[in-house]
Amino acid sequence: MIATTGKTNLLGLTQPEMEKFFDSIGEKRFRAGQVMKWIHHFGVDDFDAMTNVSKALRDKLKAIAEVRGPGVVSEDISSDGTRKWVVRVESGSCVETVYIPQGKRGTLCVSSQAGCALDCSFCSTGKQGFNSNLTVAEVIGQVWIANKSFGSVPATIDRAITNVVMMGMGEPLLNFDNVIAAMHLMMDDLGYGISKRRVTLSTSGVVPMIDELSKHIDVSLALSLHAPNDELRSQLVPINKKYPLKMLLESCRNYMSSLGEKRVLTVEYTLLKGVNDHVDHAVQMIELLKDTPCKINLIPFNPFPHSGYERPSNNAIRRFQELLQQAGYNVTVRTTRGEDIDAACGQLVGQVNDRTRRSSRLIAARELNAETDLAQNAAAQP
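When we follow numbering that gives the first Met the number 0, the leftmost residue of the sequence shown carries the number 0, and every step to the right adds one.
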């Protein structure tokens with residue numbers, strides 16, 4: 000368990016919340032924008048470095064507030080450029096964040112919970128059970144840490160992180176309020192300014208919260224489907240017993256139609272050898288999704304110890320893809336990335352491994368570079 004200071008953590012405050020905070024301490028609301036830019040654009044966690052804020056206000060903030068992200072335990076870089084951070088949250092648990100570069104796009108996969116209660120049979124995260132919901136500061140803190148790691152301070156047009164997906168550890172819709180607030184910060188121009196089309200929430204199918212989602216935000220939606228019929232999906236994704244496919248897909252369609260734009264649902268389907276990769280499964284999937292505007296991501300299973308599942312052959316994967324494409328679907332096969340650092344889809348478990356000592360040296364070097372960057376920009380007005 001990480002000791003708390005009793006101070007207000009400004010890292011997790013949205014713009015309206017930050018304005019209310021400054022109101023509450025007798026300060027002008029415009030201070031909210033100044034401080035948010037220092038935190039999110041410049042990666043600053045030291046009030047003394049906020050040079051366009053008066054010394055009296057800086058001293059007041061030091062007494063009652065802080066900017067505190069999760070503690071970085073390790074950072075690993077894969078041979079393919081994928082990065083993984085293990086960070087420790089207030090509950091004492093560790094969660095993982097993964098960055099995947101691809102051309103001009105850089106996607107950050109962010110965790111919403113320590114562990115997961117849904118126990119999907121093919122996911123190593125679910126095997127460790129549920130520990131805690133992450134706070135807003137712990138969710139957005141993963142973006143904050145990654146952004147600083149790339150030296151993306153101050154924020155530039157050509158930034159390393161162009162997309163964020165809530166597809167890390169946990170079920171985002173079971174930590175609804177904190178995830179919504181964090182995604183607002185991702186999209187806020189005073190935060191990270193990421194387009195709503197480039198922020199994606201992935202769910203295993205918590206129907207009541209999908210129905211609630213459009214009242215709060217209009218980010219992209221991804222559905223972890225993994226089976227084309229209720230019997231098989233209930234075995235692989237137990238929440239299906241409570242919210243079966245007909246109900247789930249209707250909820251997803253309603254959310255997508257509420258956006259009022261030509262945006263489609265992303266359907267994620269993990270292919271498991273001999274389990275859900277048959278021709279019959281592809282045929283059932285074609286029928287299941289016929290009324291749901293969507294694009295499909297096929298994810299070949301990434302093995303982990305004692306899972307009981309195997310990756311299908313390349314031929315089986317291609318056959319499944321071609322059948323869906325012939326039916327008119329836009330289908331991609333997700334390339335496995337970061338497998339050598341256990342950062343592939345379904346492999347996140349929040350454990351600290353033998354790479355920690357090597358990673359700590361890497362972190363120290365990056366922090367030194369970040370401090371140099373901040374010193375050079377300290378006189379700039381955010």
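Backbone N, C-alpha and C define an ideal beta-carbon position, used for all residues, glycine too.
Query	Result
Could you name the residues of the same chain whose beta carbon sits closer than 7 Å to that of His280, not counting the 5 residues immediately before and after it, in chain order?	Pro227
Hey, could you find the ends of the beta strand (DSSP E) Gln112 is sitting in?	Gln112 to Gly114
Near Arg357, which residues of its chain fall below 7 Å by C-beta distance, leaving aside the five closest residues on each side in sequence?	Any reading at Arg357 needs caution, since the residue's pLDDT is 38, under 50, leaving its predicted position unreliable; the model's value is listed next. The answer is none, since no qualifying residue turns up.
Would Glu260 be called buried (16 or more neighbouring beta carbons within 10 Å of its own) or exposed?	exposed
Between the alpha carbons of Trp84 and Ser73, how many angstroms are there, rounded?	6 Å
Tell me the rounded alpha-carbon separation between Glu18 and Met208.	28 Å
If you scan the region 11–82 from start to end, which runs of the alpha helix (DSSP H) of 4 or more residues do you find wholly inside it?	14–23, 29–35 and 54–63
Please state if the CB of Pro237 and the CB of Lys272 are separated by a distance shorter than 8 Å.	no
Using DSSP's beta-bridge definition, name the partner residues of Ile295.	Val266 and Val330
For Asn51 and Leu107, I'd like the C-alpha separation in whole angstroms.	31 Å
Compare the Cα-Cα distances from Tyr268 to each of Tyr254, Leu258, Arg252 and Leu288 and report the closest residue.	Leu288
Any contact between the region 31–38 and the region 6–20? By contact I mean 3 or more CB pairs, one from each, below 8 Å.	yes
What would DSSP say about Arg104, mapped onto helix, strand or coil?	strand
Please report the distance separating the alpha-carbon of Thr7 from that of Arg67.	10 Å
Can you check DSSP and say which residues form a bridge with Ser131?	Ala113
Rounded to the nearest angstrom, what separates Met185 and Tyr191 at their Cα positions?	5 Å
Suppose contacts are defined by Cβ-Cβ distances below 8 Å. Is Asp114 in contact with Gly169 by that definition?	Checking the displayed sequence, the identity of residue 114 turns out to be Gly instead of Asp. Result yes, Cβ atoms of Gly114 and Gly169 sit closer than 8 Å.
Using the C-alpha atoms, what's the distance from Asn329 back to Arg317?	14 Å
Exposed or buried, what is Thr202 when buried is set at 16 or more other beta-carbons lying within 10 Å of its beta-carbon?	buried
Between the Cα of Val278 and the Cα atoms of Phe319, Val198 and Tyr242, which residue gives the shortest distance?	Phe319
Span of the alpha helix (DSSP H) holding Leu247?	Leu244 to Ser257
Using CA atoms only, rank isn't needed, just tell me which of Glu137, Leu258 and Lys294 is closest to Gln324.	Lys294
Please report the distance separating the alpha-carbon of Pro100 from that of Glu230.	37 Å
Smallest Cα separation from Asn275: which of Lys126, Phe46 and Leu224?	Leu224
For Glu95, write down the residues that DSSP places opposite it in a beta bridge.	Val85
In the DSSP output, which residue or residues are listed as bridge partners for Val198?	Val163
Buried or exposed: Ile24, going by 16 or more other Cβ atoms within 10 Å of its Cβ?	exposed
Val86 and Val71 look like a contact to me (Cβ under 8 Å); what is the Cβ gap, rounded to whole Å?	6 Å
By the 10 Å Cβ neighbour count, where 16 or more other Cβ atoms means buried, how is Leu9 classified, buried or exposed?	buried
Applying the criterion that 16 or more other CB atoms from any shown protein chain within 10 Å of the CB defines a buried residue, is Gly91 buried or exposed?	exposed
At the level of alpha carbons, what is the spacing between Thr199 and Leu220?	5 Å
So which of Gly307, Ile139 and Asn253 has the shortest CA-CA distance to Ile291?	Checking the displayed sequence, the identity of residue 291 turns out to be Thr instead of Ile. With distances taken between Cα atoms, Thr291 lies closest to Asn253.
Would Lys214 be called buried (16 or more neighbouring beta carbons within 10 Å of its own) or exposed?	exposed
Quick check on Asn450: does DSSP put it in helix, strand or coil?	Here the chain has residues from 0 to 381 only, and residue 450 is not among them.
Taking the alpha helix (DSSP H) that Leu235 belongs to, which residues open and close that run?	Asp229 to Leu235
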